[in-house]
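Engineer: First residue of the sequence shown? That's 96 in this note's numbering, and the numbers climb one at a time after it.
Backbone N, C-alpha and C fix where the C-beta goes; we use that ideal spot for every residue, glycine too.
Since the model is a prediction, treat every value here as computed from it, not as a measurement.
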Amino acid sequence: MLDKTHLRQSMRRTRQALNASQQQEASMALTHVLADFSLFKNSQHIAFYLANGGEINPHPLVEAAWRMGISCYLPVLAHNGDNQLIFARYTQQSILENNRYGIPEPKYSSDTIYPAQALDLVFVPLVAVDTEGNRLGMGKGYYDRTFAFLKRQPRPQKPTLIGLAHSFQIINEIKPSEWDVPLQGTAS
Numbered sequence: 096m097l098d099k100t101h102l103r104q105s106m107r108r109t110r111q112a113l114n115a116s117q118q119q120e121a122s123m124a125l126t127h128v129l130a131d132f133s134l135f136k137n138s139q140h141i142a143f144y145l146a147n148g149g150e151i152n153p154h155p156l157v158e159a160a161w162r163m164g165i166s167c168y169l170p171v172l173a174h175n176g177d178n179q180l181i182f183a184r185y186t187q188q189s190i191l192e193n194n195r196y197g198i199p200e201p202k203y204s205s206d207t208i209y210p211a212q213a214l215d216l217v218f219v220p221l222v223a224v225d226t227e228g229n230r231l232g233m234g235k236g237y238y239d240r241t242f243a244f245l246k247r248q249p250r251p252q253k254p255t256l257i258g259l260a261h262s263f264q265i266i267n268e269i270k271p272s273e274w275d276v277p278l279q280g281t282a283s
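Following this line, the structure appears as structure tokens:
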């Protein structure tokens, strides 16, 4: 098994090597499956992400959610120094600005923020994931810190964390660190 650094590098190279047609095909196939998923259809508040560096693109799924009247949110790096994410309302009128990593985030105000604990469903980007839901992210721990409360609850009700992956990103085993928050499912 590759160590996390080498696995991350290898998967990112493979992901970035996908051409635009392959990316679009994967994104549309994912949307076709997930838009009919009961958890998706029954959710009122869903967090997505904007694809970066070859991540599978959930934006067609965002558009399906908008058509269904579902409130959509995007992660924003919190400015309070605790290295967590906050979730800002995302609409077709949202103005996006790049964060310190060059990833677009919606401009927000206190009335467009929604608490992570109140989200119904969160689609999570990843570099790799194993069959047990152990996720390898970009290595900064933002999602793990943000959703650490799920590990402290005996039977967490929400949000449900679903990783979005290209099929090659699903591997046999990732050794989790004690702070890692597992996903409840993966869609590819």
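1. Assign residue 216 to one of three DSSP states: helix, strand, or coil.
2. Report the rounded CA-to-CA distance for residue 238 versus residue 101, giving the unit in angstroms.
3. Is the distance from the Cβ of residue 190 to the Cβ of residue 160 below 8 Å?
4. Look up residue 140 in the DSSP assignment and give the residues it is bridged to.
5. With distances taken between CB atoms, is the gap from residue 228 to residue 179 smaller than 8 Å?
6. Any idea which residues DSSP pairs residue 255 with across the strands?
7. Looking at the secondary structure, which residues open and close the beta strand (DSSP E) in which residue 281 lies?
8. Tell whether a beta-carbon distance below 8 Å holds between residue 181 and residue 208.
9. Below 8 Å, how does it come out for the region 134-153 and the region 110-120: are there three or more Cβ pairs, yes or no?
10. Anyone know if the C-beta pair for residue 276 and residue 243 falls short of 8 Å?
11. Considering only their Cβ atoms, is the gap separating residue 201 from residue 171 smaller than 8 Å?
12. Give the DSSP-derived three-state secondary structure of residue 182 in the structure shown.
13. If I measure Cβ to Cβ from residue 146 and keep anything under 6 Å in the same chain, skipping five residues before and after, which residues do I get?
14. Kindly indicate which residue of 122, 156, 203, 186 has the alpha-carbon position closest to the one of residue 173.
15. Determine which residues share a DSSP beta bridge with residue 230 and list them.
16. I need the straight-line Cα distance from residue 167 to residue 186, nearest angstrom please.
17. Taking the Cβ atom as the reference point for each residue, do residue 215 and residue 138 lie within a distance shorter than 8 Å?
18. For the beta strand (DSSP E) that residue 200 lies in, which residues bound it at each end?
19. Pick out whichever of 253, 231, 144, 249 has its Cα sitting closest to the Cα of residue 99.
Structural biologist: On the basis of the supplied data:
1. Counting from 1 along the sequence shown, the entry for residue 216 is found at position 121. When secondary structure is reduced to three states using DSSP, residue 216 falls in the strand class.
2. For the purposes of this step, residue 238 is taken as residue 143 along the sequence shown, with counting starting at 1. For the purposes of this step, residue 101 is taken as residue 6 along the sequence shown, with counting starting at 1. Answer to the nearest angstrom: the Cα atoms are 21 Å apart.
3. The count along the sequence shown starts at 1 and reaches residue 190 at position 95. The count along the sequence shown starts at 1 and reaches residue 160 at position 65. Not a contact, by the Cβ cut-off of 8 Å.
4. The count along the sequence shown starts at 1 and reaches residue 140 at position 45. Residue pairing by DSSP puts residue 140 in a beta bridge opposite 166.
5. By 1-based counting over the sequence shown, the position of residue 228 is 133. By 1-based counting over the sequence shown, the position of residue 179 is 84. Cβ atoms of residue 228 and residue 179: not closer than 8 Å.
6. In the sequence shown, residue 255 corresponds to position 160, counting from 1. Note: residue 255 sits in a beta bridge opposite 216.
7. Against the sequence shown, residue 281 aligns to sequence position 186. Its beta strand (DSSP E) spans residues 280-282.
8. Counting from one through the sequence shown, the residue named residue 181 turns up at place 86. Counting from one through the sequence shown, the residue named residue 208 turns up at place 113. The answer is yes: Cβ separation under 8 Å.
9. By the C-beta criterion, the region 134-153 is judged to be in contact with the region 110-120, since at least 3 inter-stretch pairs fall below 8 Å.
10. For this step, residue 276 is matched to residue 181 along the sequence shown. For this step, residue 243 is matched to residue 148 along the sequence shown. In terms of Cβ geometry, residue 276 and residue 243 form a close pair [threshold 8 Å].
11. For the purposes of this step, residue 171 is taken as the residue at position 76 of the sequence shown. For the purposes of this step, residue 201 is taken as the residue at position 106 of the sequence shown. Taking 8 Å as the Cβ cut-off, residue 171 and residue 201 qualify as a contacting pair.
12. Here residue 182 is taken as the residue at index 87 of the sequence shown, counted from 1. Residue state, collapsed to three classes: strand.
13. Here residue 146 corresponds to residue number 51 of the sequence shown, with the count starting at 1. Excluding sequence neighbours, residue 146 sits near 152.
14. If you number the sequence shown from 1, residue 173 lands on position 78. When C-alpha distances from residue 173 are compared across 122, 156, 203, 186, the shortest belongs to 203.
15. As a working mapping, residue 230 is identified with position 135 in the sequence shown. Bridge partners of residue 230 according to DSSP: 224.
16. Against the sequence shown, residue 167 aligns to sequence position 72. Against the sequence shown, residue 186 aligns to sequence position 91. In this structure, the CA atom of residue 167 is about 7 Å from the CA atom of residue 186.
17. Here residue 215 refers to the residue found at position 120 when the sequence shown is read from its first residue. Here residue 138 refers to the residue found at position 43 when the sequence shown is read from its first residue. Result yes, Cβ atoms of residue 215 and residue 138 sit closer than 8 Å.
18. Within the sequence shown, the letter at position 105 stands for residue 200. DSSP places residue 200 inside the beta strand (DSSP E), whose first and last residues are 199-201.
19. Locating residue 99 in the sequence shown gives position 4, where the first residue counts as 1. Ranking 253, 231, 144, 249 by Cα distance to residue 99 puts 231 first.
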